[in-house]
Amino acid sequence: MTNPNPQSGSPDKEPASEAQAAQNALGNTERASTTTAPKPSEPEPKPSLGRLFLDNLWAANTFTVTLLSLVLAVVVGAVLMIISDPDVLHTYSYITARPSDAFSASWTLVSEAYANLFKGSVFDPEAFAGWLNGSNGWQAVLAPISETLTYAAPLVFTGLAVALAFRGGLFNIGAQGQATIGVILAALAGFLLPLPPGLHLLVAVLAGALGGALWGFIPGILKARAGAHEVINTIMLNYVATYFLTWLIVQNGVQDPKRTDAISKAVDTSAQLPRLLGDNLRVHAGILLAVLATWAVAWLLNRSTLGFELRAVGANPDAARTAGISVTRTYILIMVFSGILAGLGGSNMVLGSTASALTPLVVAQIGFDGILVALLGRVKPWGVLLAALLFGALQAGGNRMQSYSGISLELVTVLQALIVIFIAAPALVKAIFQLRAARAARLQTSLAKGW
Amino acid sequence: MSTMAVPDVAVAPVDEGFWTRSRKVGLTLLALGLLAAVLFGALATDQQARFTLSDDAAGAALEINGTIGAILFGIIAIAAGAALLAGVPKRWFLPVLGVGLVGFVLSFLCWQVSAAPTGQNFMPLVNIIRGTFILALPLIFGALAGVLCERSGVVNVAIEGQLLMGAFSGALFGSISGSVWVGLVAAAVGGAFISLLLAVFAIRYLVDQVVIGIVLNLLAVGVTGFLYERLMQTDAEQYNSAPRFSNWEIPLLKDIPVLGPALFRGNIFLYVGLLLVLVIHIGLFRTRWGLRTRSVGEHPTAADTLGVKVLRVRYRNVLLAGVVAGIGGASYTLALYSFTKNMIGGKGFIALAALIFGRWNPTGALLAALFFGFADQLATYLSAINSSIPSQFLAMLPYLATILAVAGLVGRVRAPAADGKPYIKG
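Here the protein sequences line up with chains A and H, keeping their order.
Mind the numbering: the first sequence is residues 1 to 451 in the numbering used here, read in order.
Mind the numbering: the second sequence is residues 1 to 426 in the numbering used here, read in order.
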């Protein structure tokens, strides 16, 4: 059931200035030329640039809220680390007698964990020093970045999938299922079709997109023709896809004949995405495709007729229908395009360096993480790209944090969820940090409705 | 904003003319019946299909020749389909549909049981019924949590997280204190904690309710997984060895054949779950609290005009939902298993499906949960007798059924009108 009233769910009054704030904050230049022109809310006596900068810094704009959400999430994560460490917790039992013990123990634990998170995802000074004095190669210096990009690539796709649907007024929780069907078809094309290199890769990637499109089409047509809510159907289809995958893996012709456990044959090397920085680093061409997809989605949304129709339907289906836009057709197209993106994300998981064969968990959580990425990226294509990089970094750093500091990888899930929770409730962040209420940047979630 | 038009369902044109919904369903049922009579009949063997009234092959049993049974029950399904196609009075629709579907399932079972390896041509009914209820139990609690929440207008996608947090805190505090009752209370508090977050963010901060639900699920998975690895894995003795509720036999009732051993020798959660269905059903449709809840869920502005504190009702119901779901989570860790990472494993979403399939109604949710539990139990049973039906396809059944339900094939599914819409006064 659709709700004709686009304002319900969000008391936003000024979507234009909000979008502008978001774009400026994210350094998003895609529409800079068009958004700077109409600026009705500009104050008449123009304050100095520095003054404006300081004002905006502590105002509740998107950038500040995002940054402070990160800070809050990191703080809560630190608290979790401390209360789950019996040794550190013990020092708190005599905190009144010797507070320095408790603080230094907590600081050591938390700072080391987060330092490892950073070293595993962005830059490791030790590897850099090692490269300078010749004890290790340049690959070690780039390894953290390589890991981050590897984890980020599929998230870009699924994030874009969710964001695109959001803009059209649909909440696609089914990126997980679409990625699952995508990964299945991509893998099947990867090991069943005997094709020359190059063509094989292209076919496998397109097969993944096709799988996603198919799995997006189903809720799309159910929504358009029967009015069935896409949230329910995509949740259900996620599980159908997962069970289909677990069934398919153990079938003859799919399962690796040399194995008894649930794993398929490996994708031929001719269908694998080439690695960008040599065989020792995992980063592969998927991240380039991801950037390309981001550009394509940005173009689609902002420059194409379909994108205009899509946004119109997302803003107000009734008005769009009155204006002669076929809402039915648009809903179906949104879900198909969304599915294509998610399917590409899925093919990334099996054609890239993460895995080369189907296993029950081959798609990991990219579909669900995609929802978070889309929200963190404010459902804007380039924002999604940045958000995916952040999530990829957390994932990559989390691995190092787990092996070096013994902090469970689950902490990354907690951090990711917390970041999005805080971002989704800017009023809370504002209240905590006493931000000025200027240009309140609310998350664009007025698009998703109740059942 | 505060005036809320009832959402249009104009997208789905109501069937007019000859092909009413009842006739379409009838045609589908007819096709299913034909499939059953012909295909299942052909595949079934001449073995006797025995449905024993006990835990094993022994004792009294209902028997029927496999082929005859498959064809006979298939014909029953055909007849029911034909009746619907011919047109039956509206109040007969559901009973006739029920008879048809049961016929189809029985035909299927006759085929499967008769085709099982020799010596295994029996289906222990007590086992099946007990298993169905055990597997349905978290779904029942979860779906009731959904009913409480959504009837007051707050979408609850966080059922999974509430169940998980309940299971976790039940296990943790039950282990630390060594008392099941402390564990039970802790589980309720754990579920309510996730609910509190849901309520605060959805009601106070107007965050989209589906979004916050999804994120809270991830948060629950992350927090419980993190603490599980840090505490329970390192010291399972101390943190993950909760005492368990023993089974309580209910005098008299336990002696009823089949149902007695299946239902009335269970643990406290089974009784509490079934009782809660009754209590919530009566509460929702017969008490002042229920009237207020439903009015807030359907038309908050009108309720507010009449002096109902809309937000307070919503807070209270969402918290209650968390308590119910938390206890549901404890039905795992304080009765069956010790806690493991992500142990709910999607049951929360099946509970959501049961809620929708049961049309936001406690009794409907119970029936849907039992149906899903039965599908689950059937999958276990069929894989035990080496069935040719892959268990994964049976596991898909609840999800496919829900898709069909919301697509309007099984009946109009309508959520409370204000479900998912924040209420802003004024």
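Even glycine gets a Cβ: it sits at the ideal position worked out from N, Cα and C.
Buried versus exposed, by CB contacts within 10 Å (16 or more), residue i
i       : result
V231(A) : buried
G98(H)  : exposed
S408(A) : buried
W438(H) : Given that chain H is displayed from residue 1 to residue 426, the structure contains no residue 438(H) and the question cannot be resolved.
L132(A) : exposed
P381(A) : buried
A97(A)  : exposed
V347(H) : One detail in the question is off: residue 347(H) reads as Lys in this sequence, not Val. Flag for K347(H) reads buried.
L306(H) : exposed
A32(A)  : Because the pLDDT at A32(A) is just 40, under 50, the model does not fix this residue reliably, and the point stays unresolved.
L278(H) : exposed
Among the options, nearest to residue i - alpha-carbon criterion
i       : options                            : result
S233(A) : G168(A), D124(A), Q178(A)          : Checking the sequence, you will find Asn at residue 233(A) rather than Ser. Comparing Cα positions, the closest option is Q178(A).
Q395(A) : A161(A), K380(A), V414(A)          : V414(A)
A220(H) : V211(H), F173(H), L164(H)          : L164(H)
Q47(H)  : F349(H), I129(H), T67(H)           : T67(H)
A80(H)  : L319(H), V25(H), L400(H)           : V25(H)
G87(H)  : T20(H), L29(H), G322(H)            : T20(H)
I83(A)  : A97(A), L390(A), V110(A), L70(A)   : V110(A)
L419(A) : V74(A), G406(A), G50(A), V327(A)   : It is worth fixing the name first, because residue 419(A) is Ile in this sequence and not Leu. I419(A) has its Cα closest to that of V74(A), out of V74(A), G406(A), G50(A), V327(A).
L135(H) : A395(H), A405(H), F93(H)           : A395(H)
A457(A) : N348(A), N252(A), A319(A), L386(A) : This structure does not reach residue 457(A), given that chain A is present from 1 up to 451, and the question cannot be answered.
P138(H) : G191(H), L109(H), R151(H)          : G191(H)
T45(H)  : L53(H), A70(H), A57(H)             : A70(H)
G260(H) : L53(H), S22(H), A368(H), R23(H)    : L53(H)
D268(A) : N116(A), A296(A), S353(A), L237(A) : S353(A)
E249(H) : N267(H), V313(H), G174(H), V308(H) : N267(H)
L389(A) : G50(A), P144(A), A78(A)            : P144(A)
N373(H) : V38(H), N127(H), R91(H)            : Asn is not the amino acid found at residue 373(H); the sequence shown has Gly there. Answer by Cα proximity: N127(H).
V291(A) : S146(A), I181(A), A153(A)          : A153(A)
L197(H) : A375(H), V211(H), L336(H)          : V211(H)
Same chain only: Cβ atoms within 8 Å of residue i, ignoring 5 sequence neighbours per side
i     : result
M4(H) : Residue confidence is low: M4(H) scores 41 on pLDDT, short of 50, so the model does not pin down where it sits. Its coordinate-derived value is still stated next. If we look at M4(H) and ignore the five residues flanking it on each side, its Cβ neighbours are H299, P300, T301, A417, A418, K421.
Contact set for residue i: own chain, Cβ-Cβ below 6 Å, skip 5 residues either direction
i       : result
A353(H) : P398, T402
Q444(A) : Residue confidence is low: Q444(A) scores 42 on pLDDT, short of 50, so the model does not pin down where it sits. Its coordinate-derived value is still stated next. Taken in chain order, the residues that qualify are V379.
L341(A) : F157, L160, A161
G130(A) : N136
A83(H)  : V96
N342(H) : V221
L26(A)  : Because the pLDDT of L26(A) is 41, which lies under 50, any placement of that residue in the model is unreliable, and the number read from its coordinates should be weighed accordingly. Correct list, in chain order: G383.
G398(A) : L409, V412
A165(A) : N172, I334, S338
T34(A)  : Here T34(A) scores only 41 on pLDDT, less than 50, and its place in the model should not be relied on; the value that follows carries that caveat. None.
Close Cβ partners of residue i (< 7 Å) along its chain, the five nearest in sequence each way excluded
i       : result
G178(H) : P243
A393(A) : S121, V122, T148
A77(H)  : L29, L32, G33, A36, G100, G103, F104, S107
F339(H) : A167, F168, A171, Y228, M232, N240, T333
L276(A) : V283, H284, A285
Residues bridged to residue i [DSSP beta-bridge criterion]
i       : result
S264(A) : Q255(A)
E435(H) : No statement about residue 435(H) is possible, as the shown extent of chain H runs from 1 to 426 and does not include it.
M123(H) : F51(H)
A357(A) : A266(A)
R275(A) : H284(A)
Closer than 8 Å at the beta carbon, the chain D residues around residue i
i      : result
S84(A) : Among the protein chains of the structure shown, namely A and H, there is no chain D.
| In chain order, what residues of the region 201-224 of chain H put their CB closer than 9 Å to some CB of chain A? | So the list reads F201, R204, Y205, L206, V207, D208, Q209, V210, V211, I212, I214, V215, L216, N217, L218, L219, A220, V221, G222, V223, T224, given in the order they occur along the chain.
| Which residues, taken in chain order from the region 216-243 of chain A, show a beta carbon closer than 9 Å to some beta carbon of chain H? | Going along the region 216-243 of chain A in chain order, one finds I218, P219, L222, K223, A224, R225, A226, G227, A228, H229, V231, I232, N233, I235, M236, L237, N238, Y239, V240, T242, Y243 with a Cβ nearer than 9 Å to chain H.
| Listed in chain order, which residues of the region 394-408 of chain H have Cβ atoms closer than 7 Å to some Cβ of chain A? | Correct list: A395, M396, Y399, L400, T402, I403, V406, A407, G408.
| Of the residues that make up the region 408-429 of chain A, which ones have a beta carbon closer than 9 Å to any beta carbon in chain H? | Answer in chain order: S408, L409, E410, L411, V412, T413, V414, L415, Q416, A417, L418, V420, I421, A424, A425, P426, A427, L428.
| Which residues, in chain order, does the region 226-247 of chain H contribute to contact with chain A at a C-beta distance below 7 Å? | Per Cβ criterion, the list reads F226, L227, E229, R230, L231.
| task | With 7 Å as the C-beta to C-beta threshold (strictly closer), list the residues of the region 380-392 of chain H near chain A in chain order. | result | Taking 7 Å as the cut-off between beta carbons, the residues of the region 380-392 of chain H near chain A are P390, Q392, in sequence order.
| request: Could you list the residues in the region 101-117 of chain A with a C-beta less than 8 Å from some C-beta on chain H, going in chain order? | output: Listed by position, the residues of the region 101-117 of chain A near chain H (Cβ gap below 8 Å) amount to none.
| request: Name, going along the chain, the residues of the region 359-375 of chain A whose beta-carbon falls closer than 8 Å to a beta-carbon of chain H. | output: From the region 359-375 of chain A, only F368, I371, L372, L375 have a Cβ closer than 8 Å to chain H.
| query | Using Cβ-Cβ distances below 9 Å, what residues of the region 323-354 of chain H are close to chain A? | reply | If the cut-off is 9 Å between Cβ atoms, the region 323-354 of chain H has K341, G346, F349, I350, L352, A353 near chain A.
| Contact list for the region 325-346 of chain A against chain H, Cβ threshold 7 Å | So the list is empty, because no residue satisfies the distance condition.
| query | Along the region 173-184 of chain A, what residues have a CB closer than 8 Å to any CB found in chain H? | reply | Flagged, chain order: I173.
| query | Using a Cβ cut-off of 8 Å, which residues of the region 355-366 of chain H contact any Cβ in chain A, in chain order? | reply | Contacts with chain A (Cβ-Cβ distance below 8 Å) from the region 355-366 of chain H involve I356, listed in chain order.
| message | Counting only Cβ-Cβ distances shorter than 9 Å, please list the residues of the region 130-152 of chain A near chain H, keeping chain order. | response | Sequence-ordered contacts of the region 130-152 of chain A with chain H are nonexistent [C-beta pairs closer than 9 Å].
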